[in-house]
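The next block holds one structure in the form of structure tokens; read it before the comments.
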Amino acid sequence: MNYSDIVMDHFMNPRNVGELESPDGIGQIGNVSCGDIMRMTIRVREERIEDVRFKTFGCGAAIAVSSMVTEMVKGKSLEEAVAINRDDVAQALGGLPEKKLHCSNLGTDALKAAINDYWRKTGHPEKVVPLEDQHLEHESEEANACCGSNERGCRQPEDGGVSQGTGA
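This is the structure we're talking about:
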């Protein structure tokens, strides 16, 4: 797969890796079919994202997306941050291959889940926003929901069973 220089930079030199101690919001999203999991923690001050960290188990695109999302939202108001969508992230990365676009969905959804967690904890459930892909926390009914890549043994077997990939 061909990745932009920006994707490669964020993959090789990810920003904001880790987890905040005593975060104000935590969001964790996973794609069962592909195995990508993203966890974002945020610190909020005066309704702005003061700090954000991520931990991602996934392919290079998933790591690059996580890194880019954290860069895009630092200092933004919560409303500005939840307005960022998967297309914004893909564009900021200089594009993603079609089979990797689901990675940008995970990044924005992990962020939105963290902000939703913060809003629930602070007594503002009316502000909770929907995720871009509600199915991410549930097993997909599609047999071919995986991106089809061989990264981390992601390719699903023809019979729809569990892949025996070795990972990378």
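Under UniProt numbering, the first residue of the sequence shown is numbered 1, with each subsequent residue one higher. Backbone N, C-alpha and C fix where the C-beta goes; we use that ideal spot for every residue, glycine too.
#1: Just the C-alpha distance for P130 and I63, rounded to the nearest angstrom, thanks.
#2: What residue ranges within the region 26 to 78 form continuous beta strand (DSSP E) runs of no fewer than 3 residues, ordered along the chain?
#3: Are the beta-carbon atoms of V89 and S77 separated by less than 8 angstroms?
#4: Have a look at E98 and V73 and give me their C-alpha separation to the nearest angstrom.
#5: Take the Cβ of A83 as the centre, count every other Cβ of all protein chains shown within 10 Å, and call the residue buried at 16 or more, exposed below.
#6: Pull up the distance between the alpha-carbon of Y118 and that of Q91, whole angstroms please.
#7: Apply the 10 Å Cβ neighbour rule to M68 and answer buried if 16 or more other Cβ atoms are within range, or exposed otherwise.
#8: Please state whether the Cβ-Cβ distance between A114 and I37 is less than 8 angstroms.
If we stick to the structure as given:
#1: Between the alpha carbons of P130 and I63 lies a distance of about 23 angstroms.
#2: Those beta strand (DSSP E) runs which fall completely within the region 26 to 78 and span 3+ residues are 37 to 45 and 48 to 57.
#3: With contacts defined as CB atoms closer than 8 angstroms, V89 and S77 fail to qualify as a contacting pair.
#4: Taken atom to atom, the span from the alpha-carbon of E98 to that of V73 is near 24 angstroms.
#5: It is exposed - the Cβ of A83 has fewer than 16 other Cβ atoms within 10 Å.
#6: Looking at the two C-alpha atoms, the distance is approximately 27 angstroms.
#7: Buried, by the Cβ-count rule.
#8: Not a contact, by the Cβ cut-off of 8 angstroms.
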